[in-house]
Amino acid sequence: MATKPINPYNIGGGVIGQPSAAKPNTPGLIAGGLPTEATKSWLPTSTANTQGDWFKLYRDATNAVGTGAGVNTLLPTPNPATKRSGGGGGGGGGGGGGAAPAGLDQDQLNWYAGLLRGGAPGQLTASNLDLPDWQDVNLTPFDNSMYEGLRGALSGAVASDRAAASGAYDQLTNYLQSNYSNPYESATYATSENVPGQTQLAMKRMLESQGQNQNMSNETYRQGQSGDQAFTGLLALLGANEGVAQRNRLGAVQADRGTTQRALDMAELSGRTGIGMQEGAAKQQWQQRADDRGLLNAQQRAQINQQEALANWQRQNEVGDTNVSNKAGYNQSIISALTNLLPQLYGRGLQLPDLAALGLA
Amino acid sequence: MADNGYLSSYGIPDTGAYQRAADSLGYQYTGSQATNAYGRFLAQSRGERGLGDMTQSFQRQLPNAYAQYNQRGLTGAGIKSGTQKRAMGNYLGDYTQQYGRAQQDLSQDLQQYDLSGLQNTANYQNSLAQLEVQKQQEIANAALGIQALRPYFGAS
Numbered sequence: 001m002a003t004k005p006i007n008p009y010n011i012g013g014g015v016i017g018q019p020s021a022a023k024p025n026t027p028g029l030i031a032g033g034l035p036t037e038a039t040k041s042w043l044p045t046s047t048a049n050t051q052g053d054w055f056k057l058y059r060d061a062t063n064a065v066g067t068g069a070g071v072n073t074l075l076p077t078p079n080p081a082t083k084r085s086g087g088g089g090g091g092g093g094g095g096g097g098g099a100a101p102a103g104l105d106q107d108q109l110n111w112y113a114g115l116l117r118g119g120a121p122g123q124l125t126a127s128n129l130d131l132p133d134w135q136d137v138n139l140t141p142f143d144n145s146m147y148e149g150l151r152g153a154l155s156g157a158v159a160s161d162r163a164a165a166s167g168a169y170d171q172l173t174n175y176l177q178s179n180y181s182n183p184y185e186s187a188t189y190a191t192s193e194n195v196p197g198q199t200q201l202a203m204k205r206m207l208e209s210q211g212q213n214q215n216m217s218n219e220t221y222r223q224g225q226s227g228d229q230a231f232t233g234l235l236a237l238l239g240a241n242e243g244v245a246q247r248n249r250l251g252a253v254q255a256d257r258g259t260t261q262r263a264l265d266m267a268e269l270s271g272r273t274g275i276g277m278q279e280g281a282a283k284q285q286w287q288q289r290a291d292d293r294g295l296l297n298a299q300q301r302a303q304i305n306q307q308e309a310l311a312n313w314q315r316q317n318e319v320g321d322t323n324v325s326n327k328a329g330y331n332q333s334i335i336s337a338l339t340n341l342l343p344q345l346y347g348r349g350l351q352l353p354d355l356a357a358l359g360l361a
Numbered sequence: 001m002a003d004n005g006y007l008s009s010y011g012i013p014d015t016g017a018y019q020r021a022a023d024s025l026g027y028q029y030t031g032s033q034a035t036n037a038y039g040r041f042l043a044q045s046r047g048e049r050g051l052g053d054m055t056q057s058f059q060r061q062l063p064n065a066y067a068q069y070n071q072r073g074l075t076g077a078g079i080k081s082g083t084q085k086r087a088m089g090n091y092l093g094d095y096t097q098q099y100g101r102a103q104q105d106l107s108q109d110l111q112q113y114d115l116s117g118l119q120n121t122a123n124y125q126n127s128l129a130q131l132e133v134q135k136q137q138e139i140a141n142a143a144l145g146i147q148a149l150r151p152y153f154g155a156s
């Protein structure tokens with residue numbers, strides 16, 4: 001503890017027995033009985049001045065206010081030998097305080113202050129409560145493997161059907177093209193030229209041999225040729241009809257191929273839509289459960305946090321109250337002890353213990 | 001249309017039924033063609049016989065025709081009258097005309113058989129093509145049996 005230079009006459013900012021330069025003609029500071037109103041006004045209040053603080057403490061004790069309330073403030077009568085300018089003389093030593101120690105030197109005073117300081121209560125510190133954290137219990141992730149399996153099965157079935165349908169139409173097209181022949185285009189049929197019997201040339205020779213005009217049968221053969229042309233025309237018409245029928249068949253195959261593919265598209269779309277709707281419904285149910293589980297986890301965490309916060313708040317308050325109570329009790333005991341010691345200190349020129357060192361500041 | 005049998009009721013193409021239908025068509029076609037060919041043969045035979053008879057008759061009557069004009073003194077060695085020539089011209093002209101028309105009749109009869117044969121062939125091929133269309137169409141449609149799985153995919 002730091003000590004200040006001992007000045008036996010410097011108490012309360014003035015020199016006992018000498019007029020104060022700052023407060024000339026002030027009445028005597030230390031006097032029996034209560035200080036007058038005039039003396040109260042210049043009592044030092046600075047905490048930087050240890051001796052001034054002691055007077056402040058004395059003043060408060062006298063006035064029964066602050067930390068000095070209830071402290072025994074009876075001071076012995078000042079020694080008449082002490083010279084003071086002005087003011088009344090102090091009372092004699094002794095008095096109701098009992099017998100004063102014969103001699104309390106500075107070391108003893110310091111030892112005593114240290115002893116008092118050793119009794120200062122420790123500062124309790126609250127340790128926070130940390131409960132085990134809540135371990136979230138979450139749902140397993142949504143399992144869509146079944147729906148993926150359905151989609152895969154659907155894709156496989158559609159692909160297989162597409163291949164079967166395409167193969168069927170390919171075979172049909174190949175069949176129609178490779179087996180097609182128009183019977184009317186390469187037909188062999190009877191004509192007036194290859195009909196059984198005499199040929200036109202033979203008939204002309206016969207007419208010529210008989211001395212007749214060999215061309216007299218031309219009209220008849222012309223009629224036969226006209227009949228041949230009519231029949232050829234009929235075959236050409238029927239042949240063209242067959243060609244149209246073949247082209248129509250091939251066109252119908254292409255149309256049917258497209259229709260089948262569109263039907264497969266619709267079947268696939270319908271299937272995928274159904275699977276998607278089932279998956280969506282299941283996912284919604286799973287999400288509902290996951291949300292409920294999330295809420296439960298949040299509630300558990302909040303409950304634990306609340307328990308921790310409440311316990312820590314209570315404990316901190318308890319510790320704070322205890323610290324304040326202990327400090328107040330210590331302060332009271334220090335003040336009481338030192339107040340009782342004041343009479344022994346008076347006029348001995350001792351450096352009073354620092355308030356901060358005693359834990360009072 | 002082919003009798004597809006009980007398999008089709010399960011959506012399974014019964015290609016055997018189509019093959020049986022094709023075989024039946026072939027059987028009918030060959031039978032019709034054979035009947036038509038035989039009819040053509042008979043018609044041709046009749047026509048040839050008629051033409052032959054006509055030629056035979058002509059050849060037998062030709063000397064008599066000339067003889068008729070000779071008896072009337074319209075012809076002889078170094079003598080050829082215009083009347084006789086015209087008359088023989090008419091005779092020969094009638095013959096060639098009748099013979100030519102008979103040939104036309106025969107030719108047209110034969111063309112009728114030829115036409116029937118061609119139509120039979122065309123009908124046979126067309127029927128086979130239609131049958132094949134139906135068969136492959138059923139195979140392709142059977143692929144749409146995937147729709148039978150729709151309830152399992154949640155579709156109505």
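One line per chain: the protein sequences are A and B, in this order. For the first sequence, this note's numbering gives the first residue as 1, with consecutive numbering after it. For the second sequence, this note's numbering gives the first residue as 1, with consecutive numbering after it. Positions of the beta carbon are idealized from the N, C-alpha and C atoms, including for glycine. Just so we're clear, the structure is a prediction, and the values are computed from it rather than from any experiment.
Check the Cβ of T55 (chain B) against every Cβ in chain A and list those closer than 9 Å, keeping chain order.
Residue numbering aside, residue 55 (chain B) sits at position 55 when the second sequence is read from its first letter. By Cβ distance, chain A contributes G197, Q198.
Look at the alpha carbon of Y18 (chain B) and the alpha carbon of K135 (chain B), and state the distance between them as a whole number of angstroms.
For the purposes of this step, residue 18 (chain B) is taken as residue 18 along the second sequence, with counting starting at 1. For the purposes of this step, residue 135 (chain B) is taken as residue 135 along the second sequence, with counting starting at 1. Their Cα atoms are separated by approximately 6 Å.
What residue does the alpha helix (DSSP H) around D130 (chain A) start on, and which one ends it?
In the first sequence, the residue the question calls residue 130 (chain A) occupies position 130. That residue, D130 (chain A), is in no alpha helix (DSSP H); it is neither H nor E in DSSP.
Counting C-beta neighbours from all protein chains within 10 Å, is the total for G94 (chain A) 16 or more, i.e. buried, or is it exposed?
As a position in the first sequence, residue 94 (chain A) is number 94, starting the count at 1. Since pLDDT at G94 (chain A) reaches only 38, below the 50 mark, its modelled position is unreliable, and the value read off the structure follows with that caveat. Classification of G94 (chain A): exposed, given that the 10 Å Cβ count is below 16.
Helix, strand or coil at Q351 (chain A) according to DSSP, with G and I counted as helix:
Indexing the first sequence from 1 puts residue 351 (chain A) at position 351. Residue state, collapsed to three classes: coil.
T30 (chain B) - DSSP class collapsed to helix/strand/coil:
Here residue 30 (chain B) is taken as the residue at index 30 of the second sequence, counted from 1. T30 (chain B): helix per DSSP, three-state reduction.
Using a Cβ-Cβ distance cut-off of 8 Å, determine whether T35 (chain B) contacts chain A.
Position 35 of the second sequence, counted from the first residue, corresponds to residue 35 (chain B). Chain A, which has no Cβ nearer than 8 Å to the Cβ of T35 (chain B), makes this no.
For Y346 (chain A), the first and last residue of its enclosing alpha helix (DSSP H):
Translated into the one-based positions of the first sequence, residue 346 (chain A) becomes position 346. Segment: none, Y346 (chain A) is in no alpha helix (DSSP H) and carries neither H nor E.
V137 (chain A) and N297 (chain A): beta carbons closer than 8 Å?
As a working note, residue 137 (chain A) is residue 137 in the first sequence. As a working note, residue 297 (chain A) is residue 297 in the first sequence. Contact flag set, yes.
Going by beta carbon distance, what residues of the same chain come within less than 6 Å of T191 (chain A), once the five residues before and after it are set aside?
Along the first sequence, read from residue 1 onward, the residue named residue 191 (chain A) stands at position 191. D228, listed in sequence order.
Amino acids of chain A, ordered along the chain, whose beta-carbon sits closer than 9 Å to that of L42 (chain B)
Within the second sequence, numbered from 1, the residue matching residue 42 (chain B) stands at position 42. Near L42 (chain B) there are no residues of chain A at all, since even the closest Cβ is about 13 Å away, more than 9 Å.
Given G280 (chain A), which residues of its chain have a CB within under 8 Å of its CB, disregarding the five upstream and five downstream residues?
Reading the first sequence from its first residue, position 280 is the one you call residue 280 (chain A). Cβ within range, chain order: n/a, list empty.
Going along chain B, which residues have a C-beta under 7 Å from F142 (chain A)?
For the purposes of this step, residue 142 (chain A) is taken as residue 142 along the first sequence, with counting starting at 1. Here the premise fails: no neighbours, minimum Cβ distance about 18 Å.
Excluding five sequence neighbours on each side, which residues of the same chain lie with their C-beta closer than 6 Å to the C-beta of G359 (chain A)?
Here residue 359 (chain A) refers to the residue found at position 359 when the first sequence is read from its first residue. Here the set comprises A120.
Contact with chain A by R20 (chain B), beta-carbon distance below 8 Å
Indexing the second sequence from 1 puts residue 20 (chain B) at position 20. Answer no: the Cβ-Cβ gap between R20 (chain B) and chain A never drops below 8 Å.
Can you tell me whether P63 (chain B) is helix, strand or coil according to DSSP?
By one-based count along the second sequence, residue 63 (chain B) stands at place 63. If DSSP states are grouped into helix, strand and coil, P63 (chain B) belongs with the helices.
Contact list for R249 (chain A) against chain B, beta-carbon separation under 7 Å
As a first step, residue 249 (chain A) must be located in the first sequence, where it is residue number 249. Under the 7 Å cutoff, chain B gives A129, V133.
Give the range of the alpha helix (DSSP H) segment to which Q106 (chain A) is assigned.
The count along the first sequence starts at 1 and reaches residue 106 (chain A) at position 106. It spans 106–118 - the alpha helix (DSSP H) in which Q106 (chain A) sits, taken as one unbroken run.
Out of curiosity, what's the CA-to-CA distance linking L116 (chain A) and N326 (chain A)?
Reading the first sequence from its first residue, position 116 is the one you call residue 116 (chain A). Reading the first sequence from its first residue, position 326 is the one you call residue 326 (chain A). When rounded, the distance between both Cα atoms is 14 Å.
Tell me whether A236 (chain A), by its Cβ, gets closer than 7 Å to a heavy atom of the ligand GDP.
Of the ligands one can find in the structure shown there are none, so the ligand GDP has no counterpart to examine.
Inspect the beta-carbon positions of Q44 (chain B) and P196 (chain A) and report whether they are closer than 8 Å.
Here residue 44 (chain B) refers to the residue found at position 44 when the second sequence is read from its first residue. Here residue 196 (chain A) refers to the residue found at position 196 when the first sequence is read from its first residue. For Q44 (chain B) and P196 (chain A), yes; Cβs fall inside 8 Å.
Should R301 (chain A) and W111 (chain A) be called a contact, given that it needs their Cβ atoms to be closer than 8 Å?
Taking the first sequence and counting its residues from 1, the one referred to as residue 301 (chain A) is at position 301. Taking the first sequence and counting its residues from 1, the one referred to as residue 111 (chain A) is at position 111. Contact: no.
Which residue's Cα is closest to the Cα of L51 (chain B): B:Q104, B:Q125, B:Y29, B:A37?
Walking along the second sequence from the start, residue 51 (chain B) turns up at place 51. Ranking the options by Cα distance to L51 (chain B), first place goes to B:Q104.
Straight-line gap, N79 (chain A) to L350 (chain A) (C-alpha atoms, nearest Å):
Here the question's residue 79 (chain A) lines up with position 79 in the first sequence. Here the question's residue 350 (chain A) lines up with position 350 in the first sequence. Because the pLDDT of N79 (chain A) is 48, which lies under 50, any placement of that residue in the model is unreliable, and the number read from its coordinates should be weighed accordingly. Rounded to whole angstroms, N79 (chain A) to L350 (chain A) spans 16 Å at the Cα level.
Note down, in chain order, each residue of its chain lying with its Cβ closer than 6 Å to the Cβ of L95 (chain B), except the 5 sequence neighbours on either side.
Numbered from its first residue, the second sequence carries residue 95 (chain B) at position 95. In the sequence under discussion, the amino acid at residue 95 (chain B) is Tyr, which differs from the Leu named in the question. So the list reads F58, once near-sequence residues are dropped.
Proximity winner among A:F142, A:P183, A:L341, A:A311, relative to Q108 (chain A) (alpha-carbon distances):
The residue given as residue 108 (chain A) occupies position 108 in the first sequence. Of A:F142, A:P183, A:L341, A:A311, the residue nearest in Cα terms is A:L341.
Assuming L139 (chain A) and I275 (chain A) are in contact, meaning their beta carbons sit under 8 Å apart, how far apart are those beta carbons, in whole angstroms?
Here residue 139 (chain A) refers to the residue found at position 139 when the first sequence is read from its first residue. Here residue 275 (chain A) refers to the residue found at position 275 when the first sequence is read from its first residue. Contact doesn't hold; Cβ gap of about 22 Å is too wide.
P13 (chain B) and E132 (chain B) closer than 8 Å at C-beta
The count along the second sequence starts at 1 and reaches residue 13 (chain B) at position 13. The count along the second sequence starts at 1 and reaches residue 132 (chain B) at position 132. Taking 8 Å as the Cβ cut-off, P13 (chain B) and E132 (chain B) do not qualify as a contacting pair.
Buried or exposed: Q254 (chain A), going by 16 or more other Cβ atoms within 10 Å of its Cβ?
Position 254 of the first sequence, counting from 1, holds the residue named residue 254 (chain A). Q254 (chain A) comes out exposed.
Closer than 8 Å at the beta carbon, the chain A residues around I12 (chain B)
Translated into positions along the second sequence, residue 12 (chain B) becomes position 12. Correct list: empty, because the minimum Cβ distance to chain A is about 12 Å.
I want to verify the contact list: residues of chain A whose CB lies under 8 Å from the CB of G82 (chain B), in sequence order.
Here the question's residue 82 (chain B) lines up with position 82 in the second sequence. Neighbours of G82 (chain B) on chain A: none; closest Cβ ~12 Å, over 8 Å.
Roughly how many angstroms separate the alpha carbons of S333 (chain A) and T339 (chain A), rounded to a whole number?
Taking the first residue of the first sequence as 1, we reach residue 333 (chain A) at position 333. Taking the first residue of the first sequence as 1, we reach residue 339 (chain A) at position 339. Using only the alpha carbons, I get a separation of about 10 Å.
Since L235 (chain A) and Y184 (chain A) should fall inside the 8 Å C-beta cutoff, what is the C-beta to C-beta distance between them, to a whole number of angstroms?
Within the first sequence, residue 235 (chain A) is the residue found at index 235, counting from 1. Within the first sequence, residue 184 (chain A) is the residue found at index 184, counting from 1. Indeed they touch by this definition, with Cβ atoms about 5 Å apart.
Would a check of beta-carbon distances place S178 (chain A) closer than 8 Å to chain B?
Walking along the first sequence from the start, residue 178 (chain A) turns up at place 178. With 8 Å as the cut-off, S178 (chain A) does not count as an interface residue toward chain B.
Can you check which of these residues, B:Q84, B:S24, B:A129, is closest to N64 (chain B) by C-alpha distance?
If you number the second sequence from 1, residue 64 (chain B) lands on position 64. Nearest of B:Q84, B:S24, B:A129 to N64 (chain B), Cα basis: B:Q84.
In the stretch 181–216 of chain A, which residue ranges form an unbroken alpha helix (DSSP H) of at least 4 residues, counting only runs that do not cross its ends?
200–209
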